[in-house]
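Protein chains in written order, with the working numbering: chain L, 1 to 189; chain W, 1 to 189.
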DNA sequence: CCGTCGGTATACCGATCGGTTTCCATGTCG
DNA sequence: CGACATGGAAACCGATCGGTATACCGACGG
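Rendered as structure tokens:
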């Protein structure tokens with residue numbers, strides 16, 4: 001089927017893009033990208049207007065899985081406090097993998113200094129969604145200022161992501177401890 | 001004086017390097033770098049073995065001034081708690097400048113995915129020094145676990161740096177509030 | 001006065017950049 | 001069978017990459 005073939009090519013391209021952009025940075029060339037994806041440059045430029053669009057699409061594709069990886073299932077964890085801490089627990093577990101480079105969306109935002117880059121918009125959106133999830137849990141948990149708590153948790157999350165990704169720090173429970181302190185101070189039981 | 005002339009060329013090069021690497025990222029080319037510095041490529045490669053060394057040297061040069069910018073003078077601020085909060089206050093003030101891109105050392109570490117890159121070593125060193133300063137103040141302030149508090153403050157500092165630099169967030173007192181909460185929890189009066 | 005030294009300018013190296021285009025093999029459909 | 005769309009391989013575009021080499025300049029020291 002034509003549709004299936006097209007999608008497969010696109011999928012291979014976006015998968016390779018997600019991996020290479022994450023591992024080697026956004027400066028990776030189109031040549032190398034297409035080579036590892038097994039896709040001709042012609043097909044790439046037929047599917048996307050530019051390398052920037054490929055990057056944006058690869059981030060967009062990655063977003064739902066990333067969120068699912070960090071978020072507990074519906075009946076997996078009970079209280080809002082536990083659901084928030086679950087995110088940090090997962091993040092810490094991810095950070096010990098040998099090729100961990102921090103949150104891919106934050107990395108893209110830092111590397112692309114331009115905040116208007118199409119991929120920057122996608123990345124900021126992903127960040128906003130996580131913050132929204134924190135905020136929703138904070139409200140459920142009766143936080144004094146849910147928005148403030150959500151922003152504080154994002155600070156911790158992204159700080160930990162950058163520092164662990166850059167191999168500045170090993171987070172043995174550091175984010176869990178910090179998030180716990182912030183939850184306590186916000187009155188989330 | 002020969003020494004003065006040499007230093008001047010080197011200074012021009014490192015100043016331009018610091019600015020361009022920060023503004024445009026580490027991918028900025030040697031050609032553009034030398035052009036804006038008013039230094040020939042030949043001179044550059046006479047002073048440094050490679051572009052990577054130029055980047056490392058420019059970060060090293062920038063470090064003391066950066067630290068001085070964040071740290072209060074000896075009699076400017078009295079208590080350890082105030083001295084710690086002073087850092088975040090300064091950081092928030094810096095973050096509102098139009099061309100702010102976050103902490104240059106953290107940005108370099110994220111962009112250079114390789115933690116063994118000469119510039120990565122310099123950047124990590126700068127980060128370690130700030131953490132050491134936090135730790136020293138935490139001890140003076142009677143923190144229950146000075147090292148833990150210092151690491152938590154670095155999480156907040158770098159998270160805020162990355163997020164404000166990427167234009168995800170405006171920190172109106174967010175880091176001050178978060179640091180205050182952490183100080184309170186650590187027992188630093 | 002002459003050599004050397006620090007410096008610039010410039011051209012060059014092979015490689016790669018993002019992106020376009022040409023050619024051709026493989027269809028699939030009428 | 002013939003017409004046409006698809007897409008892969010690869011050449012090609014001008015520009016730039018990091019790095020080197022050649023040639024020339026002015027100042028300073030013997």
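C-beta atoms are modelled at their ideal positions from N, C-alpha and C, and glycine is treated no differently.
With a cutoff of 8 angstroms on beta-carbon distance, residue 66 of chain L and residue 164 of chain L are scored as not near each other. At a cut-off of 8 angstroms, the C-beta of residue 40 of chain L has no neighbouring C-beta in chain W. Within 7 angstroms of the CB of residue 90 of chain L, no CB atom of chain W is found; the nearest one sits about 17 angstroms away. Just measuring C-alpha positions, the residue of L/96, L/177, L/56 and L/172 sitting nearest residue 26 of chain L is L/56.
Taken through DSSP and simplified to helix, strand or coil, residue 134 of chain W comes out as helix. Excluding the 5 residues flanking it on each side, residue 70 of chain L has same chain C-beta neighbours closer than 6 angstroms at 87 and 90, in chain order.
The segment 33–48 of chain L makes contact with the segment 7–22 of chain L: 3 or more CB pairs, one atom from each, lie closer than 8 angstroms. Contact check for residue 187 of chain W against residue 144 of chain W passes: the beta carbons are separated by less than 8 angstroms. By alpha-carbon distance to residue 61 of chain L, the top candidate from L/126, L/113 and L/23 is L/126. Counting along the chain, the unbroken alpha helix (DSSP H) around residue 82 of chain L starts and ends at 80–95. Under the 8 angstroms criterion on CB atoms, residue 57 of chain W is classed as non-interfacial with respect to chain L.
Taking C-beta atoms as the reference points, residue 141 of chain L and residue 189 of chain L count as a pair closer than 8 angstroms.
Within the segment 149–169 of chain L, the residues whose Cβ lies closer than 9 angstroms to some Cβ of chain W are 151, 152, 154, 155, 156, 157, 158, 159, 160, 161, 162, 163, 165, 166, 167, 168 and 169, listed in chain order.
Annotated three-state conformation of residue 157 of chain L is helix, per DSSP. Counting the other Cβ atoms within 10 Å of the Cβ of residue 39 of chain W gives 16 or more, which makes it buried.
For residue 27 of chain W, the neighbours in chain L by C-beta distance under 8 angstroms run, in chain order, 27. According to the DSSP assignment, residue 64 of chain W belongs to the alpha helix (DSSP H) that extends over 51–70. Proximity to residue 8 of chain L across L/37, L/33, L/31 and L/22 peaks at L/37, based on C-alpha coordinates. Taking a Cβ-Cβ threshold of 9 angstroms, the residues of chain L close to residue 24 of chain W are 113, in chain order. With respect to the 8 angstroms criterion, residue 84 of chain L and residue 137 of chain L are classified as neighbours on the basis of their beta carbons. Separation of residue 159 of chain W and residue 133 of chain W (C-alpha to C-alpha, rounded to the nearest whole angstrom) is 18 angstroms. With distances taken between CA atoms, residue 110 of chain W lies nearest to L/161 out of L/161, L/28 and L/173.
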